[in-house]
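Only one structure is covered here, and it is reproduced in the block below.
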Amino acid sequence: MCISIGVFNMTDFMSRLLRQPHGVVGLILLVVLAIEVILGPALAPYDPETFHYSSRLVGPTPEFLLGTDQFGRDILSRLLWGARTTVLLSLFATLIGAGIGGAIGILSGYLGGRIDEVIMRLVDALMAIPSLLFALLIITVLGPSGTNAVVAIGIAFSPGMARIARSVTLSVRTSDYVAAAVARGESPLWIMSREIAPNMLAPVIIEATIRVAFAIMLLATLSFLGLGSQPPAPEWGLMISEARAFMFRNAWTIVWPGLSIAMVAITFNLLGDALRDALNPKND
Amino acid sequence: MSLQYIFKRLLYLIITALVVSALVFGITQILPANAATMLLGEYATADALVALEQKLGLDQPAYVQYWRWISGLLQGDLGTSLRSGLPVADTVFQALGRSLLLAAFALIAVVIIAIPLGVIAAVRRGKAADFGVSMISYIGISLPEFVLATLLLVWLTAPDIALFPASGYVPITENFTKGLWHIALPVITLAIVLTAHVMRMVRSEMADALHADYVLAARLRGLSTTTVLIRHALRNSMLPTITVLALDVGYLIGGIIVVEEIFAFPGIGRLLIVSIQERDLPMIQAGALVMAFTYALSNLLADLAYVYLDRRIQYD
Amino acid sequence: MSQDSKTIDRRSVLGGMATLSVTGLTLPLWAKSSFAASKGGTLRVSVNRAPGRLNPLLQRLNSEYVLGELLYSGLTRLGKGMEVVPDLAESWTSNGDLTEWTFKLRSNAKFHNGNPVTAKDVVVCLTAILDKKTGSPGRRNLGPISGVSAGPGNTVIVKTSTGYGDLPSALAYTTAKIAPAEIVTGDFDRLSREAIGTGPFKLVSYEPDRLIVVEKNPDYFISEYPYLDRIEVMVFPDSSAEMAALVAGEVDLALEIPPADFKRISGASGVTGQRTPSGRFIDVVMANDRKPFNDHRVREALSLTLDRQAMIDFVAEGYGTPGNDSPINSAYRYYADAKQKTPDIKRAKALLAEAGYPNGIDLTMVASVKPGYRQTLAVTIREMAKAAGFNIKVETMAHATYLKQVWKKGDFYVGFYNMQPTEDALFKLLLTSDAAWNETRWNNKEFDGLVNAARTTTDTAKRQQLYGDAQKLMQKELPVLVPVFFDLLSANQNYVENYNLHPRGATFSLEKVSLGVGAPKR
């Protein structure tokens, strides 16, 4: 499934995107999410870490719109503060994956031959380790923290990205403009970064958008397992993990962060699908 | 497909296994603290640590340890657990068996539910049924297993409802109904997430297939809708579905790690997490290898099935 | 709460045993139950961590101690009120200066393989525990033992380097179990797969991550016990699953209940909760020899920010007692009562300014993830101490990493310890200059002197005085902050009889448990 388009026309692209219902819904959700990320802390009614001694584990009330957790901290405020951590960290993780994977893929595809064979065997082997397990091992080495979880997810994503980058590289390597650049005597680095890399924009963006959804879930899962963000951070996965001991006393402590994670993942899944359809020339 | 192709793929499988084992071994070597630290816990003194490391062979250079492990592996010996002193192979394969049972039930549920729903959605494209299926699958792929599992725990095992046991494991061979009862929640969790994935794929592939020339041709020849659906469209959309299923085995393995942890299911995923925490190297090695091998093997099988279903594809 | 009435009152038990003297005492066998317990049946016990080690000399988790106690015996045991009771040793005496002890072994004790227990088995096992090559967690916990030898007439002679009145208590240590000499010396690793002990039960099967089954040992040396035919130890690494299984009646006895669940579980129909105050505590460890904690005023300022009553709610869900910056509480024999400390943020601020931090101080506090209380305490302290100018960053860490990198080395971290059998065991473990885990590096000569003096006397009043002074010294000097003691919590089905939750947390006495009316037939 390889999609390659040369030039990127923003207006055309947006109109294609908006022609699809899931594109519209995805964009709306994205705007909501962006507001949450940018203004979240300003909108939060309380400090996310302040204990309310006398209101522990209460359900939704006018005072605490979504209820409170085991320390009497306001869940809404924690969600609003946590949006930044959760979403930005996932974006970073995906960027790292796309960066490392893209570089390896171009290099492997461009050099070809034995080197390509060896690199791709390694990539295959790495892909044979489930992402979660891979991330788990890396974090065990680096120590549990949000930053390390991002690095681990980025590394775990890179083999998949490398595959895509390589296949694009292979398809354009023989094209006229690359041949022309070689004939001009341009350096391989220049060719890889200026001639080949731009072709990858579309497929990598599509893949990355869907990957962001996956990164959010993976990051939350790692935090849930105690390997990502650490208390008292208001990270959503961690919130669920911490609230588990209290789930029968106030189920909202699980439900709200769970819904938040799902909403963000849905946003990026919808966008990813819409992007794929919009950028796929078959759908004209 | 030629024997040569199969042979080549098997060779790759072995290379993959070797790379994974070397990689995992490398990672375990740089883990902070080792099995001796964990075994002695807060009772560790410097001299006790040294003595225990010697006893466990952890004081030897990494390559010696790796070589010892690999040569053991070639003789079919996966070593002894540093934590419990029990043979690794027994523990790992017992745990794997349980996990496979979980996976098998989840996959059966997926095939029964996801494929028909995907077909319906494709046939009724743009109608309410399609919309419903799409909605469900978006929610399904966007809910991490741990959220779903925790919510199921809250709702279905709550003290006043107690629809299912929250966890534990009873071997099916010991008590069939009880065994099923105990694996119900982990299977439901896995099945929901997987169904969402597979349903999406079947829907989109089926939709493509329904517009393909040969389906239109078959329709023109006056064949009934059902015949066209089953004989032509479904068969062709099965190809990519199988690939997705195989890829989802990787996803399933990740899911199994989480689900086993939450439902306290004594399978390979939980074994691995415990082993990592306890720095039980031979167990981590064997667990990771078994998982990677399962995944690679399922990919290989998917490829072979692909070739079998579609003779037009030639493999070099 | 109705459950509270079922709680054992520890103070009255302690009061009753304060008259017992330690030396040369043969206690009567366990007091007879007031009713005839029914025999037979299978008990399902749940534990919350996989017991990774079957070898009794190497165990270190509560879930492993359960197995150790079911399958093996030691020389002595701890009774309900922390008093020493006979196990394999039926009686003991010591010389006048408490440096040589003679333990007389039972004549009817047999290993599961049929061989009788001899003095040689005891000598070999104790020697193995003390040998650093064995890697036994109990090595530093048995007291200042200088030699173990077989004496005349089935006796074992234990010599100590200084007078040590607490030796019989120390030998009740969880890993001081006796296995056949020829296996310990010849094929030690066999004990990680098989159990050849003298305990009330024999091992049937061992799947450490799921289920361990034991059955009645008909040759147990106390013929009355065990009552049960079979015990199945079920392993739940996840407490919510464990709790659900208990409520559903799949588990008869859960040895530990998370504080957050206790109210709900003990209110469930057919289930009884047990609660006992204990010396299990959580503490804030500070490096007394390094900046900034070498300044007494910084430690005191932090101590003054702690709202201990609120902390009990956050950390222990109300199931605990406030700490007073000494690790000895009313569960111990020589506890000295003192006025409960309360927060004083103003004074804390002033002290901090005096110590040279008028604009507050930045600190990083490490908390291991196991058990979860450590993180909760760290987050709570961070929040409480904010007002006085402490800016504490909480750093959580995998337990393995914590043990390797922070524990006993770090400057500022959360500690968590089980109750110890005696004051001496605790002080010599954590706080004296020669303590096995001298993590605070307080190194206070006056304190050392008090603890050492108490070792060499059996005069109760004198010991009360010495240990009382030691506690006062700690509360003044603040080498560690002890904000909360935990109650131990367990729960069982109503038909489970004679299970008494032990304050030490590592002793279970399941051989005395029986099943009453309403128990399911399994």
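Same order as they appear, the protein sequences are chains V, Z and Y. What the first sequence shows, in my numbering, is residues 1 to 284, in sequence order. What the second sequence shows, in my numbering, is residues 285 to 600, in sequence order. What the third sequence shows, in my numbering, is residues 601 to 1122, in sequence order. All C-beta atoms in this analysis are idealised placements derived from N, C-alpha and C, irrespective of residue type, glycine included. Note that the coordinates shown come from a computational prediction; the quantities given were computed from them, not determined experimentally.
Not a single CB atom of chain Z sits nearer than 8 Å to the CB of Y:A689.
A distance below 6 Å between beta-carbons, with the five flanking residues on each side excluded, links Y:K970 to the following residues of its chain, in chain order: H999.
Contact annotation: V:A183 and V:G102 have beta-carbon atoms that are not nearer than 8 Å. Taking CB atoms only, Z:P316 has a neighbour in chain Y less than 8 Å away. In this structure, the alpha-carbon of Z:I560 lies about 41 Å from that of Y:D819. Straight across, the Cα-Cα distance linking Y:K1004 with Z:A317 is about 6 Å. Given a length threshold of 3 residues, each whole run of the beta strand (DSSP E) inside the region 654-729 of chain Y is given here in chain order: 676-678, 684-686, 689-694, 700-705.
In the displayed model, Y:F1027 falls within a helix according to three-state DSSP. Put simply, the backbone Cα of Y:P768 is about 9 Å away from that of Y:R677. The Cβ atoms of Y:V1080 and Y:V915 lie no closer than 8 Å to each other. Taking 8 Å as the CB threshold, Z:F430 lines the interface with chain V. Y:N888 and Y:Y1013 have their C-alpha atoms roughly 12 Å apart. In the structure shown, Y:E815 falls within a strand segment according to DSSP collapsed to helix, strand and coil. Of the candidates Z:Q338, Z:Y592, Z:M567, Z:M567 places its Cα closest to the Cα of Z:D361. Restricting attention to Z:T364, Z:A335, Z:F549, the CA atom closest to the CA of Z:T375 is found in Z:T364. Identification of residues in the region 563-589 of chain Z having a C-beta nearer than 7 Å to some C-beta of chain V yields A572, M575, A576, Y579, A580, given in sequence order. Listed along the chain, the chain Y residues whose CB falls inside 7 Å of the CB of V:Y53 are A910.
Z:N583 carries a helical assignment under DSSP once its states are collapsed to helix, strand and coil. In this structure Y:Y773 touches Y:G738 by the C-beta definition: roughly 5 Å separates them, less than 8 Å. Counting only runs of at least 4 residues, the region 331-377 of chain Z fully encloses the following alpha helix (DSSP H) elements, listed from N- to C-terminal order: 346-358.
Closer than 8 Å to the CB of V:G258 there is at least one CB belonging to chain Z. Pairing Z:A586 with Z:S508, the inter-Cα distance amounts to about 31 Å.
Z:Y453 has a beta carbon lying within less than 8 Å of a beta carbon in chain Y.
Look at Y:D925 here: in three-state DSSP terms it is coil, with no helix or strand label. The straight-line gap separating the alpha-carbon atoms of Y:W1037 and Y:P1120 is approximately 47 Å.
Using a C-beta cut-off of 8 Å, the region 206-225 of chain V makes contact with the region 265-275 of chain V, since at least three inter-stretch Cβ pairs fall below that distance. Around Z:V499, the same chain offers A493, V512, H516, A517 as residues with beta carbons nearer than 7 Å, after the five sequence neighbours per side are excluded.
Close CB contacts of Z:R554 within its chain, under the 7 Å cut and outside five residues either way in sequence, are with E544, E545 (chain order).
Residue environment analysis places Z:W439 among the exposed positions, since fewer than 16 neighbouring C-beta atoms fall within 10 angstroms of its C-beta. Along the region 33-63 of chain V, the positions whose C-beta sits under 7 Å from a C-beta of chain Y are E49, F51, Y53, read in chain order.
Fully enclosed alpha helix (DSSP H) runs of no fewer than 4 residues occupy 945-954 of the region 930-982 of chain Y, in order along the chain. Distance check between Z:L385 and each of Z:A496, Z:Y296, Z:A301, Z:Y453 places Z:Y453 closest, using alpha-carbon atoms only.
CA-to-CA, the gap between Y:T762 and Y:T1058 works out to about 14 Å. Closer than 8 Å to the CB of V:R244 there is at least one CB belonging to chain Y. V:G228 has its alpha-carbon roughly 26 Å from the corresponding atom of Z:A320. If you draw a straight line from the Cα of Y:D687 to the Cα of Y:K1062, it is about 29 Å long.
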